[in-house]
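> Counting with full-length UniProt numbering, you get residues 1 to 143 for the letters of the sequence shown. We put the beta carbon where it would ideally sit given N, CA and C, even for glycine. Note that the structure is a prediction, hence the values are computed from the model and not measured.
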Amino acid sequence: MSASPLRIVVAKPGLDGHDRGAKVVARALRDAGVEVIYTGLHQTPEQIVEAAIQEDADAVGLSVLSGAHMTQFAKVTELLKERDAADIVVFGGGIIPEEDLPELRRMGVATVFTPGATTQEIVTWVRENLGDPAGDQGSPAQQ
1 MSASPLRIVV AKPGLDGHDR GAKVVARALR DAGVEVIYTG LHQTPEQIVE AAIQEDADAV
61 GLSVLSGAHM TQFAKVTELL KERDAADIVV FGGGIIPEED LPELRRMGVA TVFTPGATTQ
121 EIVTWVRENL GDPAGDQGSP AQQ
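1) Would you grab the beta carbon distance between isoleucine 8 and glycine 61 for me? Rounded to a whole angstrom, and I think it's under 8 Å.
2) Determine the closest residue to alanine 74 out of Ile95, Glu46, Gln54, with distance taken between C-alpha atoms.
3) Just to confirm my understanding: we take threonine 39, look at its own chain, exclude 5 residues before and 5 after, and list those with CB closer than 8 Å. What are they?
4) Cβ atoms of alanine 85 and glycine 14: under 7 Å apart, would you say?
5) Give the range of the alpha helix (DSSP H) segment to which leucine 104 is assigned.
6) Looking only at C-alpha atoms, which of His18, Asp16, Gly21, Ala28 sits nearest to arginine 127?
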């Protein structure tokens, strides 16, 4: 892994107006040493993909509580492929039924955190799958 910190775009696609969880996750990742770019509410998949490419992101974390997860995740993963940016990892969280998880994985979503997931679980997954954002610089509390 390079010396630069991980960069993750945290996004709220569609008309979902509830962003508290996304902000909590963004803060936990930031506190763990990740550079976080939070796009704000009501983003289109095109805006999210553009931000990820422009920010040279390692990953995109989508938060979907509206029930439109199949459409939103599919469009983001499709646009990343179209833009030759399929190396940007897509993960997410929200109110997502268990029965939809296999299809989300098939379309390229690395993992989905459902209600009850802790911020520590998310940070641990990021460290194990994208690299340790804190590296040797992390405080004992972050390790």
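If we stick to the structure as given:
1) 6 Å
2) Glu46
3) Val9, Val10, Ala11, Lys12, Gln47, Ile48, Ala51
4) no
5) 101-106
6) Ala28
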